[in-house]
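S.K.: Please see the structure below; I have some questions.
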Amino acid sequence: MSDRKLTMSEALREAMAIALDERPEVFILGEDIGIYGGAFGVTGDLYHRYGSERVRDTPISELGIVGTAVGAALSGMRPIVEIQFSDFTAQAMDQIVNQAAKIHFMVGGGLHVPLVLRAASGSGTGAAGQHSQSLEGWFANVPGLKVVMPSSPYEAKGLLLAAIDDPNPVIFMEHKLLYKVAGTEDVPEGAYRIPLGVSRVVREGKDLTVVATGIMVSRTLAAAHELDKEGITLTLIDPRTISPLDMDPVYESLEKTGRLMVVQEAPEHGGFINEVIAKVVTSTSLGHLIAPVARLAGMNVPIPYAPQLEKAAVPQVDDIIKKAREVVASWR
Amino acid sequence: MSTFDYAVIMPKMSMTMEEGELLAIRVNVGDLVKSGDVLFDVATDKIDMEVESPADGVVKEIMGQIGSTMLVGAPVLMLETTTQVMSFDFNTPSPVVETPAEVSIVTPVVIPTSPQGSVKAVPKARVIARERGIDLASISPTGPDGTITWEDISNPQLAGAHDARKAANRKMVAGAIEKTRGIPQISLTRFSTHTTSGLDEGSAHLVSTWARILRRNVHLNLSTISEDLREHVGIALIMESKYGLAMPVFRDPDLMAGNDLLLWMKKTREQARAGKVPVEMLTGATASIFDLSHTKISSAIPLLLPSHTTALSVGAPNASFGHSEISLTVDLRFCDALEASNFLDQLVSAL
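Residue numbers (our numbering), protein chains in the order written: chain A, 1371 to 1702; chain B, 5 to 355.
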């Protein structure tokens, strides 16, 4: 089969199946991931294929789930935790931040915590303020954690396999709206890995460099197709992992475009994307800028329930088009 | 309010200047210009300079062609202004210039002083400005909020103007040196154990000390053109400029209070570095000084420039012994070698 346009759910499931096949120490745990197949259907039939020992339904206690996983990881297992909504990681914060991220350092490097925490992130499903947040910036601010934000099915599969291989805790933030969308690229059937900490240049243009994460990658790509018609071409860079962050392609691109725009769904204030700006303006890359940096991010509000307001609270394709057009037209 | 059309012409920058080369035009038709904005760049065999707008107005027409040589008085561009601009008669020497036989500078422009306040520019424009030695204050911003954009500064005319001025400056200095090649001259060198202070302090002391000696020995302060005695002592001090070297002339520095001279020295060095030597300091030299005290060069043979009778150079102090080499070149038509050595001795003991 050459045509393999999977959804991100399917691609993630394939990655987990490969890991379960490859390594006996891999197992999955989380709420409703067994018979129910996961809140967003990501684990699907894995329970039936691999059994209740390796695909384990847990009680509703995120702290208990992550604590169990940290202990298992320390004992030589490679647990994959699924958190139904990334908002619920708040319940498990002590295990993630104070235990998983720190143990390796507290014992002088003598122990590893090879743990992957997958969580459904972002807005757009009408799930309101407690089920719609984009919390990646919290984790990017904790040394010892790697933070991955897949932007497509192909990326998700390769990045998840790399995350499972990684000997350290990895937070894997999956945007809910991407779960059911088929990608534009074929997803190879077998195993492939996309190394963590390497940015992807999604497309190249001459007028503007856009750094976008997660779902904002496909939104920016849609905006770019519209802008192409107006003769404005943009380079799109997807960092893939926001921690560690690979800035080199951004610096290289800015030498050509001189204009930077950053896009994220998370609220603007204190958001991760500001780190990209900070890295540019504190490096010699600053000297290539011919325009003030443009920033598009979520509003500093809890995600509203009303669908129109929910949409208005985070950058949409039209917002990206408008902002990009404005930056390029104003700064020659 | 009524408006006037005012032709900004090829200025007469010296008595002997008949024509000048139009190196660059910095404005376009329709541009709003302020008094003091640079309109165009001119080069002659003697000096090159930026010509500034004499008044606020609008550029109505541009007649001059970049790269062309234009006669003094030929209109370069037409300005529409509400200000009545004073016109000059270029055949009457300016009253401020007393040098009898050399040059007088009369232009309807004001030499710019350093711009006040900060200039808004995108980072890349700043980088380019620094690389090419462009004064950001001279650029008309077109970006939002009065910001200088990349496009504003990437104007090829601007980049060309800087290179052209540098080349013109080099040509001018080389041409001047060439003219003195046939003059009988001698260069003498001796050690001095004087101590040097700061760059400007040292230069100011040197300039005033040498001026005092020249004033006492009037035949060393002759005009080599007319053989008349000079009424003033003018010391051209060789300084670094963004266009290469500049030779601002300090007139009668020995008659000034030390502190005033030091302030003048500091200000002039800044202006020279920015390529903006005040027009009244471009002429009237009777001698030159090349002060290398703050470099690593221990000595340089001073070269006579046209109309100068002496040239002096002071090298950097020797790291082990602390002494410096002072060299003096004199025009043998006005001073013999023995006298020259006597003057050099006078200088060393005065220092």
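The C-beta atom is built at its ideal place from N, Cα and C for all residues, glycine as well.
1. List the residues that DSSP assigns as beta-bridge partners of residue 1516 (chain A).
2. Going by alpha carbons, who is nearest to residue 252 (chain B) out of B:260, B:262 and B:279?
3. Report yes if the C-beta distance between residue 1606 (chain A) and residue 1590 (chain A) is below 9 angstroms; otherwise report no.
4. Residues of chain A with CB under 9 angstroms from residue 126 (chain B), in chain order?
5. Checking contacts by CB at 9 angstroms: is residue 1578 (chain A) closer than that to chain B?
6. Closer than 6 angstroms by C-beta to residue 38 (chain B): which residues in its own chain qualify, once you throw out the five before and the five after it? Chain order, please.
7. Okay, do the region 1555-1562 of chain A and the region 1522-1541 of chain A touch, 3+ Cβ pairs below 8 angstroms being the bar?
8. If you drop the 5 nearest sequence neighbours on each side, which residues of the same chain put their C-beta closer than 7 angstroms to that of residue 1670 (chain A)?
9. Please go through the same chain and pick out, in chain order, the residues whose beta-carbon is closer than 8 angstroms to the beta-carbon of residue 22 (chain B), but skip the five residues on each side of it.
10. So is residue 296 (chain B) buried or exposed if we call it buried at 16+ other beta carbons inside 10 Å?
11. Could you tell me which residues DSSP puts in a beta bridge with residue 1657 (chain A)?
12. Would you list the residues sitting across from residue 243 (chain B) in a DSSP beta bridge?
13. So, are the CB atoms of residue 1658 (chain A) and residue 1625 (chain A) less than 9 angstroms apart?
14. Out of curiosity, what's the CA-to-CA distance linking residue 294 (chain B) and residue 181 (chain B)?
15. Could you name the residues of the same chain whose beta carbon sits closer than 7 angstroms to that of residue 94 (chain B), not counting the 5 residues immediately before and after it, in chain order?
16. Just tell me which of B:335, B:263, B:287 and B:262 has its CA closest to the CA of residue 241 (chain B).
17. Which ranges does the beta strand (DSSP E) cover as unbroken runs of at least 3 residues, wholly within the region 1408-1439 of chain A, from first to last along the chain?
18. Given 8 angstroms as the limit, tell me if residue 208 (chain B) has its C-beta closer than that to any heavy atom belonging to the ligand GTP.
19. Which whole-angstrom value is the C-beta distance of residue 62 (chain B) and residue 36 (chain B), which I expect to be below 8 angstroms?
20. Does the region 1641-1650 of chain A touch the region 1562-1569 of chain A, meaning 3 or more C-beta pairs lie closer than 8 angstroms?
21. Quick one: which residues of the region 1632-1656 of chain A get their C-beta closer than 7 angstroms to a C-beta of chain B? List them in chain order.
22. Write down the C-beta distance between residue 1498 (chain A) and residue 1604 (chain A) rounded to the nearest angstrom, noting that I regard them as a contact closer than 8 angstroms.
23. Report yes or no: do three or more beta-carbon pairs, one from the region 1480-1488 of chain A and one from the region 1568-1582 of chain A, lie closer than 8 angstroms?
24. I want to know whether the region 38-52 of chain B touches the region 168-186 of chain B - three or more CB-CB distances under 8 angstroms.
25. Relative to the C-alpha of residue 1452 (chain A), which candidate in A:1435, A:1528 and A:1661 has its C-alpha closest?
26. Determine the chain A residues that contact residue 147 (chain B) at a beta-carbon separation under 8 angstroms, and present them in chain order.
27. When you compare only the Cα positions, how much space is there between residue 115 (chain B) and residue 1662 (chain A)?
28. According to DSSP, is residue 1448 (chain A) part of a helix, a strand, or is it coil?
29. Using C-beta distances below 8 angstroms, list every residue in its chain close to residue 1514 (chain A), excluding the 5 sequence neighbours before and after it, in chain order.
30. Below 7 angstroms on C-beta distance, what does residue 155 (chain B) contact in chain D?
31. Checking contacts by CB at 9 angstroms: is residue 129 (chain B) closer than that to chain A?
32. With a floor of 3 residues, list each beta strand (DSSP E) that falls wholly inside the region 33-87 of chain B, ordered by position along the chain.
33. Could you please give the first and the last residue of the uninterrupted alpha helix (DSSP H) stretch that includes residue 1464 (chain A)?
34. Tell whether a beta-carbon distance below 9 angstroms holds between residue 79 (chain B) and residue 183 (chain B).
35. Which complete alpha helix (DSSP H) runs does the region 185-221 of chain B hold, if anything under 4 residues is left out?
M.R.: Result, derived from the coordinates:
1. A:1540
2. B:279
3. yes
4. 1628, 1659, 1660, 1661, 1662 and 1701
5. no
6. 60
7. yes
8. 1637, 1638 and 1639
9. 75 and 76
10. buried
11. Looking at the DSSP assignment, residue 1657 (chain A) forms no beta bridge with any residue, so it has no partner.
12. B:250
13. yes
14. 14 angstroms
15. At residue 94 (chain B), the pLDDT of 32 sits below 50, so the modelled position is not reliable; the number obtained from the coordinates is stated separately. Closer than 7 angstroms at Cβ, skipping near neighbours: 16, 76, 77 and 110.
16. B:287
17. 1425-1427
18. Inclusion of the ligand GTP in the displayed structure is not the case, the ligand content being empty and no account of it being possible.
19. 6 angstroms
20. no
21. 1656
22. With a Cβ gap of about 33 angstroms, residue 1498 (chain A) and residue 1604 (chain A) do not count as contacting.
23. no
24. yes
25. A:1435
26. 1700, 1701 and 1702
27. Confidence in residue 115 (chain B) is poor, its pLDDT being 35 and thus under 50, which makes the residue's placement too unreliable to answer from.
28. strand
29. 1470, 1471, 1472, 1474, 1475, 1538 and 1539
30. Considering every chain present, this structure includes no chain D. Its protein chains are A and B.
31. yes
32. 42-47, 52-56, 61-66, 73-75 and 79-85
33. Note, residue 1464 (chain A): premise wrong, no alpha helix (DSSP H); not H, not E.
34. no
35. 203-220
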